[in-house]
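Novice:
Residue numbers (the numbering used here): 33 to 173.
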């Protein structure tokens, strides 16, 4: 989780510096994507638990939420009208896409396991059938 926090903080620093220097949010779109992907990863890991310090995870999430609030204010007051709402919709679409990709990966993994199972059963059947066939042939001769 530390790597995701560090990546989110670094991305936000780049975004904030660029916006303060007069650049547009469009100019830092890739960095914003990295920020929100890492923020989502931090939130997911914090919800899952198992961290050495739940307080630290909570505080990091609070910090990330404050950073997102700053970005929201910038989009509302310095961006195009409706930009924040469009951004929220975009985030929802990205989340659906990530979930669909994860589901597709799970399906593919299950399909691969099914194919491996069939292959192993076929090998086992061959291992059993060949000696039986040899016994039958010997008995007939």
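For each residue, glycine too, the CB sits at the ideal point set by N, CA and C.
1. Leaving out five residues before and five after residue 75 in sequence, what residues of the same chain have Cβ atoms less than 7 Å from its Cβ?
2. Would a C-beta distance cut-off of 7 Å place residue 40 and residue 71 closer than the cut-off?
3. If you check the beta carbons only, do residue 104 and residue 116 fall under 7 Å apart?
4. Return yes when the Cβ of residue 73 is within less than 7 Å of the Cβ of residue 101, no when it is not.
5. Could you pull the start and end residues of the alpha helix (DSSP H) that residue 166 belongs to?
6. Should residue 67 be labelled buried (16 or more other beta-carbon atoms within 10 Å of its own) or exposed?
7. According to the neighbour-count rule (16 or more other Cβ atoms, all chains shown, within 10 Å of its Cβ), is residue 60 buried or exposed?
8. Leaving out five residues before and five after residue 140 in sequence, what residues of the same chain have Cβ atoms less than 6 Å from its Cβ?
9. Only counting the same chain, and skipping five residues up and downstream in sequence, which positions put a Cβ closer than 7 Å to that of residue 107?
Specialist: According to the data block:
1. Here the set comprises 93.
2. Yes, the pair counts as a contact, with Cβ atoms nearer than the cut-off.
3. Yes, the Cβ-Cβ distance between residue 104 and residue 116 is below 7 Å.
4. Note that the C-beta distance between residue 101 and residue 73 is not below 7 Å.
5. Where residue 166 is concerned, the enclosing alpha helix (DSSP H) stretches over 115-172.
6. Flag for residue 67 reads buried.
7. Buried, by the Cβ-count rule.
8. Here the set comprises nothing.
9. Around residue 107: 57, 115, 116, 119.
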